[in-house]
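The sequence shown begins at 2 in my numbering and counts up one residue at a time.
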Amino acid sequence: MKINVVSKILEANEKIARENKELFDKTGTYVLNLMSAPGAGKTSLLEKTITELNGALRIGVVEGDIQGTYDAEKINSLGVPVVQINTGGACHLDANMINEAINDLNLNEIDLLIIENVGNLVCPAEFNVGEHMKVMLLSITEGHDKPLKYPLMFQESSALLINKIDLKPYVDADTERIKQDSMSLNPSLKVFEISCKTGEGIKDWTGWLYGRIQENR
Ligand SMILES: Nc1nc2c(ncn2[C@@H]2O[C@H](COP(=O)(O)OP(=O)(O)O)[C@@H](O)[C@H]2O)c(=O)[nH]1
Ligand SMILES: [Mg+2]
Ligand SMILES: [Zn+2]
């Protein structure tokens, strides 16, 4: 019986996700669902991505956190529209939360909407929110065993950003193994090595993202 309940929840979520997607397509808003464990660098990546693409694209952000407005305040200081969702305990965002949050944004004036999901390597990947693509960050400090331990997130993502490569000399994680294992789970995964601290690899990432947005137009 439990299985029934879970599939009903996901079904209901899918329906709202499709409505969100229709709306995004109508307003010409490309939507990226950004996922990672807590602390992998989602907010740092947002800051770099906004700085790099602002001017070329009108960007908006939805911040998902269990509690608090810390990340939203950071993003707001960059001068882009941002809406904070506080899940009040829930460990992922769902389509309904996004459906409500976008009421506070003028989507007609947003070309790229980036959703920072709740930090968690598990269930954010189970819930579509109407995004055009999911992207995940894995920092090398998390270890190279994560793709095979948390496969769904790697399978659902279009791109994997391996972050904090400035720390390579100090951690034992094997970056090649992260790449190999991720691509064995998802052969079409696009992989970037980046550092949000030094800026290494950021232009490759934003260039690719910009291309994907243009293709979708
Ligand atoms: N050394 C290093 N630190 C980073 C990098 N990216 C993010 N951080 C740091 O990692 C911590 C968590 O980053 P944050 O962006 O808040 O991660 P989030 O929880 O996924 O949003 C912060 O102290 C960042 O300054 C990186 O590329 N290199
Ligand atoms: Mg954050
Ligand atoms: Zn969850």
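We treat Cβ as the ideally placed atom computed from N, Cα and C, and that holds for glycine.
With DSSP as the reference, label Gln181 as helix, strand or coil. helix
Could you check how far apart the C-beta atoms of Leu108 and Thr28 are, in whole angstroms? I think they sit under 8 Å. Contact between Leu108 and Thr28 holds, with the beta-carbon distance rounding to 4 Å and staying under 8 Å.
Applying the 10 Å Cβ sphere with the 16-neighbour rule, what's the burial state of Asp105? exposed
Report back the beta-carbon spacing between Val172 and Ile141 to the nearest angstrom; my notes put them in contact at under 8 Å. 6 Å
Looking at C-beta atoms only, is the number of pairs between the region 71-89 and the region 128-141 that lie closer than 8 Å three or more? no
Please list the segments of the beta strand (DSSP E) lying wholly inside the region 44-81, counting only runs of 3 or more residues, in order along the chain. DSSP runs (the beta strand (DSSP E)) wholly in the region 44-81: 60-66.
Tell me whether the region 156-174 and the region 183-203 touch, counting them as touching only if at least three CB pairs, one residue from each stretch, are closer than 8 Å. Touching, per the Cβ criterion.
Are Val130 and Ala96 touching if we call contact CB-CB under 8 Å? yes
Would the C-beta of Ala91 count as close to ligand 3, meaning under 7 Å from any of its heavy atoms? Ala91: yes, Cβ under 7 Å from ligand 3.
How about Arg59 and Glu110: do their beta carbons lie closer than 8 Å? yes
The alpha helix (DSSP H) that contains Glu157, what's its start and end? Looking at the DSSP string, the run of the alpha helix (DSSP H) that includes Glu157 is Pro152 to Glu157.
Rounded C-alpha distance that separates Asp72 from Pro152: 27 Å
Would you kindly check if the distance between the Cβ of Ile67 and the Cβ of Gly42 is under 8 Å? The answer is no: Cβ separation not under 8 Å.
First through last residue of the beta strand (DSSP E) which encompasses Leu161: Ala160 to Asn164
C-alpha gap between Glu23 and Lys198, whole angstroms: 36 Å
From the DSSP output, read off the bridge partner residues of Glu117. For Glu117, which the question treats as bridged, DSSP gives the partners Leu35 and Glu64.
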